[in-house]
Each structure stands twice: as structure tokens, then as C-alpha cells.
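For reference, the structure discussed in these notes is given below.
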């Protein structure tokens, strides 16, 4: 998706430790027109899939998933990173490790929002090591629902997550795959798709 790659080159900042900072348009301040283009692209790439629900993880995936959901005409469920007093009933729980925050969180989805009849598209902003995706896949599988596909805004193709999840047989559509980044020069190389 060229407009996302162009935006990453224009406004993304490469930091040491394989960190790509895109907070000016993706995961702090959000460019809704860009999100709309991303949603249209995922709708094309997952055409023919029987998707009736989108699942994401708190917090950065929520905005992207909501805009994408408009193109699919389906609700969004997001895995919460903390149990609150207004969460009640039985829950699906998975442990995920955040590449960015360098910590482990338990993510929670109420059992009333995922069931065996659901056909789920997982949406997230980044794919690095694949830990968040593994947790979301675990929750979908525990519910008896079907993972129809996974939509990622930015995949770090030089890290193992994408390869690992694809090797498990899941259909991943990443809109931009970063092949290499250099924090000294700020250069970003993308994989041809």
C-alpha cells in the first residue's frame, strides 16, 4: 500500500533497538483518512471471506480496527489489558509480551463477545515478534471462533513474527512490510509486495 509506505518515509522516525516511531499519524495522533484507505485495502484483500467480527488489542489497534470495521459492516471487539470493575462474567485470557513496552500483559475478552459462530478478522498496528497476535489467536481459538485473516498496518519483516504466524497457516495481509531500518541514517527499506 504505497500511501502508507510514503507516510512512513515522510513522518516515521527510526530509533535504536529496531523501533519505528509513527505516533504522528498511526498510534498516538491518528490520520483518519489514511485509516480509511487502509480499511478499503483490507476489504479488497479479504474479499470473499466470511467476516462478522473484527478483533484487536488495546490501545493502538482500536482506531484502525474501528475505521476498517466500517468497510466490513461488522462490530469491533478489543482485548483489554487490564481487568476493570465493569468487566463481568466469564473471560478469555491470554498473556502477551509487548515489543515496544518490554512487558507482559494479560489480555481479556468477555466470553459474551466471541462465540463459535464468529468469523474473525484480527487487526493490529504492528507485527514484530508476533506475541500480541499469538495471544489474540489463542483467544479466538478458545472461543471456538474462526480466524479468517489478520490485517497488519506495519510489519517488521526482519523480525520473526510474520514468518512464525504464516507458518502456523494464518493468512496475513500487511499493508507495509519494513525489510530494514537504519537508526543512524533514518532510512527505511520496504519489501516488494
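In the working numbering, the protein residues as written are -1 to 191. Heads up, the beta-carbon is just placed ideally off N, CA and C, and yes, glycines get one too.
Task: For residue 178, three-class secondary structure by DSSP - done: Residue numbering aside, residue 178 sits at position 180 when the chain shown is read from its first letter. Note: residue 178 maps to strand in three-state DSSP.
Task: C-alpha distance - residue 168 paired with residue 41, whole-angstrom precision - done: Residue numbering aside, residue 168 sits at position 170 when the chain shown is read from its first letter. Residue numbering aside, residue 41 sits at position 43 when the chain shown is read from its first letter. Rounded to whole angstroms, residue 168 and residue 41 show a C-alpha spacing of 17 Å.
- [ ] With a cut-off of 8 Å on the beta carbons, I'd call residue 3 and residue 188 a contact; round off their distance for me.
- [x] Indexing the chain shown from 1 puts residue 3 at position 5. Indexing the chain shown from 1 puts residue 188 at position 190. Between residue 3 and residue 188, the beta carbon gap of about 5 Å places them in contact (Cβ cut-off 8 Å).
Open item on the list: Below 8 Å on the Cβ atoms is my contact criterion, and I expect residue 87 with residue 51 to pass it. Report the Cβ-Cβ distance as a whole number of Å.
Closed with: Taking the chain shown and counting its residues from 1, the one referred to as residue 87 is at position 89. Taking the chain shown and counting its residues from 1, the one referred to as residue 51 is at position 53. That belief does not hold up - the Cβ atoms of residue 87 and residue 51 are roughly 18 Å apart, past 8 Å.
TODO: Could you tell me whether the segment 136 to 146 touches the segment 174 to 181, using the rule of 3 or more Cβ pairs below 8 Å?
DONE: Contact between the segment 136 to 146 and the segment 174 to 181 is absent, because fewer than three Cβ pairs lie under 8 Å.
Task: Residue from 171, 66, 166 whose Cα sits closest to the Cα of residue 152 - done: Position 154 of the chain shown holds residue 152. Comparing Cα-Cα distances from residue 152 to each of 171, 66, 166, the minimum goes to 171.
Task: Inter-residue spacing [alpha-carbon to alpha-carbon] between residue 107 and residue 73 - done: Start at 1 with the first residue of the chain shown, and residue 107 comes out as number 109. Start at 1 with the first residue of the chain shown, and residue 73 comes out as number 75. Between the C-alpha atoms of residue 107 and residue 73 there is a straight-line separation of about 14 Å.
Task: Residue of 71, 190, 181, 191 minimising C-alpha distance to residue 14 - done: Position 16 of the chain shown, counted from the start, is the residue given in the question as residue 14. Comparing Cα-Cα distances from residue 14 to each of 71, 190, 181, 191, the minimum goes to 181.
Task: Classification of residue 8 by the beta-carbon crowding that lies within 10 angstroms, buried from 16 upward - done: Position 10 of the chain shown, counted from the first residue, corresponds to residue 8. Exposed is the label assigned to residue 8, since fewer than 16 other Cβ atoms lie within 10 Å of its Cβ.
Task: Cβ-Cβ separation, residue 6 to residue 20 (assumed contact under 8 Å), whole Å - done: In the chain shown, residue 20 corresponds to position 22, counting from 1. In the chain shown, residue 6 corresponds to position 8, counting from 1. Contact annotation, residue 20 with residue 6: C-beta distance approximately 6 Å; criterion of less than 8 Å satisfied.
- [ ] Report yes if the C-beta distance between residue 121 and residue 54 is below 8 Å; otherwise report no.
- [x] By 1-based counting over the chain shown, the position of residue 121 is 123. By 1-based counting over the chain shown, the position of residue 54 is 56. The answer is yes: Cβ separation under 8 Å.
Open item on the list: Mapping the DSSP letters down to three states, classify residue 117 as helix, strand or coil.
Closed with: In the chain shown, residue 117 corresponds to position 119, counting from 1. Look at residue 117 here: in three-state DSSP terms it is strand.
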